[in-house]
């Protein structure tokens, strides 16, 4: 046998400029609490891959294990009970692993008791590490709840512990009480959420107004006196129904916000709140969202063109139910095939000040 | 609001040479059935990240959800029952998602009934797509079983359905009945496994002989007449105990074997068995293992130096148990920080023919 260390020690060739383009050296660690599906990309399946890829080591506590996401209208699997969630938490605690997390991302939690358990864990993690909590108040979309009704008041009781929330239009209305039908009411909703929950950062994702050909994404970071700094970004609508876009948005936003907050020297501060003199369009949150929306657009464009190619190559299933499943399968996010788009989107959407 | 599509359509800048270095365009899809831990990298936590990163879209069916791996000697969480595993399988089946998988990677399954359920799924997936099954017969290490005893005969009944097995030294002895104490007996073990189970490919990972300063990794791909084509690679031993190295090895081997089998035009053949005229050192399996061991070495080197740095910066815990947990925490594989080493190790270890 030859000694391979003599003949092949090319250890230097593996470092190239690529390594410097994201933050692999000062790794942040995220505890992600959300759903798990065996096939496809939603919830933690998306979150862990995207955050790990972007250099944030991510541990996932799965609130369910389902065969596939609910967009198929049929699935099998099981939920993790509140008792099981708390048991895993105790396991992390007894080995000193909770202290390792400096960020939290919470998403889909189907039941009220389970959400209380998740809230307990999040507060404990924050207590130890002063962690940053991105809370995605996953409750429903387009007027429909997809969690049990008891979940809504529990979210309302938890939001003031979080640092960033990323509700969609429907969830914004549920937690703010403001009906969002125009830029003016969108702006009011942001003010109301800051005031009601003292939440440092908000992004309202994917808002559509009647008759508009684009979607709006709006955000705000609070000042020391509790005032809003509001911005909005317009993005083109991509035709089709794609599950898990909210989870992708949340994961990317956490990674990019951390990057821009690090650049602004904010990571050791509570809530990563920029100084009052930071102008709205210079907010780390605004810069983060601009990049995130670039990645989102490119991933969705690739997903849509892949879907169209797949459906063209297949005979259309008969029966409405079979056809729906066929289209849903073809519409799974193309994340693995979009690593460049996630890492270096190139494309940026520009924020403007929202009065 | 400005229209960002007018001002910032840099969509072309996101494709660079990096994209061509692995196989993102012709994505293979893997069903990975193994353990899940919330903190750290073993089982599916490793497998899904590594395979997705290397361009193979991976769905994970988790056989357990534990707070951490068993190397800590304490953990909390729960197992997925055989009934739950089969229920998820039915969910995949009813939405036509099983057909989507063209590879299988099975690892840690703690109980006999659960392993039977996994075997059923693997055979079904193979039946539909002619998929390639990498079976890691996870049973124990260094003379100790860490699954229930009933698992051993179930593995023995399943191996002949698989395409590649990656037992360690102890597991090799369990399934072949050959005690591995020298290169000669290592070679006999490979012959015996091919003959007993008609298994196309074998890699015996991390073999150590008394008094040797290096580890051996040996493999073989069968010929059409059932003969072995055996090779061995020597690798330096890295001091320390690192959990999940077997899982990392399995995931990398699947990805690299597929790459080299694709280059040899074998992906549409059953078992990816190279023609009889392929010389041992030209086997896709031999080439794959050379690259895999390069990545393994670089990841372990980085993990070890990170561990040493962490332990130096911390006061040593008193109590044996606390100290063990502290060292184990510091020894978690540094996968997220080793993306370049996983993608482009540069370092290669050279195989030689094993007589």
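Protein chains in written order, with my numbering: chain A, 1 to 355; chain B, 356 to 710. Just so it is clear, CB atoms sit at the ideal spot from N, CA and C, and this is done for glycine as well. All of these numbers come straight from a predicted model, not from anything done at the bench.
With distances taken from CA atoms, which of the options is nearest residue i?
i              : options                        : result
residue 450(B) : 340(A), 323(A), 344(A)         : 323(A)
residue 683(B) : 432(B), 695(B), 663(B)         : 663(B)
residue 221(A) : 110(A), 281(A), 319(A), 138(A) : 281(A)
residue 389(B) : 559(B), 473(B), 454(B)         : 473(B)
residue 603(B) : 387(B), 386(B), 398(B)         : 398(B)
residue 651(B) : 674(B), 624(B), 696(B), 465(B) : 696(B)
residue 350(A) : 40(A), 290(A), 123(A)          : 290(A)
residue 668(B) : 599(B), 676(B), 681(B)         : 681(B)
residue 201(A) : 90(A), 192(A), 184(A), 165(A)  : 165(A)
residue 692(B) : 672(B), 648(B), 396(B)         : 396(B)
residue 141(A) : 177(A), 172(A), 37(A)          : 172(A)
residue 382(B) : 318(A), 321(A), 306(A)         : 306(A)
residue 110(A) : 124(A), 316(A), 155(A), 255(A) : 155(A)
residue 120(A) : 86(A), 170(A), 209(A), 208(A)  : 86(A)
residue 271(A) : 129(A), 170(A), 108(A), 75(A)  : 129(A)
When the Cα atoms are used, what is the spatial distance from residue i to residue j?
i              : j              : result
residue 237(A) : residue 530(B) : 57 angstroms
residue 608(B) : residue 112(A) : 43 angstroms
residue 190(A) : residue 304(A) : 31 angstroms
residue 59(A)  : residue 579(B) : 45 angstroms
residue 703(B) : residue 638(B) : 15 angstroms
residue 102(A) : residue 48(A)  : 15 angstroms
residue 84(A)  : residue 566(B) : 46 angstroms
residue 71(A)  : residue 665(B) : 44 angstroms
residue 344(A) : residue 428(B) : 41 angstroms
residue 199(A) : residue 160(A) : 6 angstroms
residue 411(B) : residue 278(A) : 43 angstroms
residue 701(B) : residue 655(B) : 15 angstroms
residue 354(A) : residue 143(A) : 25 angstroms
residue 339(A) : residue 53(A)  : 8 angstroms
residue 29(A)  : residue 69(A)  : 26 angstroms
residue 269(A) : residue 126(A) : 13 angstroms
residue 146(A) : residue 137(A) : 12 angstroms
residue 517(B) : residue 487(B) : 8 angstroms
residue 260(A) : residue 292(A) : 12 angstroms
residue 589(B) : residue 572(B) : 6 angstroms
residue 266(A) : residue 416(B) : 39 angstroms
residue 139(A) : residue 599(B) : 36 angstroms
residue 168(A) : residue 203(A) : 8 angstroms
residue 596(B) : residue 653(B) : 15 angstroms
residue 193(A) : residue 687(B) : 40 angstroms
residue 643(B) : residue 405(B) : 15 angstroms
residue 227(A) : residue 386(B) : 49 angstroms
residue 543(B) : residue 434(B) : 37 angstroms
residue 321(A) : residue 38(A)  : 21 angstroms
residue 377(B) : residue 152(A) : Summary for residue 377(B): the model assigns pLDDT 34, below 50, so the residue's position carries little reliability, and this model does not support an answer.
residue 400(B) : residue 601(B) : 13 angstroms
residue 356(A) : residue 256(A) : A question about residue 356(A) goes unanswered here, because the residues of chain A that appear run from 1 up to 355.
residue 391(B) : residue 97(A)  : 16 angstroms
Cβ-heavy atom distance between residue i and the ligand SAH below 7 angstroms?
i              : result
residue 394(B) : This structure lacks the ligand SAH; in fact it carries no ligand of any kind.
If the criterion is Cβ atoms closer than 8 angstroms, does the pair residue i and residue j meet it?
i              : j              : result
residue 574(B) : residue 489(B) : no
residue 570(B) : residue 561(B) : yes
residue 418(B) : residue 454(B) : no
residue 605(B) : residue 459(B) : no
residue 150(A) : residue 432(B) : no
residue 334(A) : residue 302(A) : yes
residue 629(B) : residue 618(B) : no
residue 183(A) : residue 232(A) : yes
residue 443(B) : residue 65(A)  : yes
residue 437(B) : residue 471(B) : yes
For a contact meaning CB atoms closer than 8 angstroms, what does residue i contact in chain D?
i              : result
residue 325(A) : In summary, chain D is missing from the structure at hand, where the protein chains are A and B.
What are the residues in the segment 60-91 of chain A lying within 8 angstroms of chain B by C-beta distance?
60, 61, 62, 65, 66, 67, 68, 72, 74, 75, 76, 77, 78, 80, 84, 87, 88, 89, 90, 91
What residue ranges within the segment 495-572 of chain B form continuous beta strand (DSSP E) runs of no fewer than 3 residues, ordered along the chain?
Restricted to the segment 495-572 of chain B, the beta strand (DSSP E) segments that are unbroken, complete and at least 3 residues in length are 556-562, listed in chain order.
Short-range partners of chain B found in the segment 330-344 of chain A, where Cβ spacing is below 8 angstroms:
335, 336, 337, 339, 340, 341, 344
Along the chain, which unbroken stretches of the alpha helix (DSSP H) at least 4 residues long are found entirely within the segment 445-486 of chain B?
467-484
Contact list for the segment 593-606 of chain B against chain A, Cβ threshold 8 angstroms
none
In chain order, what are the residue ranges of uninterrupted alpha helix (DSSP H) at least 4 long that sit wholly in the segment 611-679 of chain B?
639-668
Could you list the residues in the segment 299-316 of chain A with a C-beta less than 9 angstroms from some C-beta on chain B, going in chain order?
301
Listed from N- to C-terminal order along the chain, which residues in the segment 392-408 of chain B have their beta-carbon within a distance smaller than 9 angstroms of any beta-carbon of chain A?
392, 393, 394, 395, 396, 400, 403, 404, 406, 407, 408
Just by C-beta distance, which residues in the segment 455-489 of chain B are closer than 7 angstroms to chain A?
So the close ones are 455.
Could you pull out every unbroken alpha helix (DSSP H) segment of at least 4 residues lying fully inside the segment 33-61 of chain A, listed in chain order?
Entirely contained in the segment 33-61 of chain A, the alpha helix (DSSP H) runs reaching 4 residues are, in chain order, 43-53.
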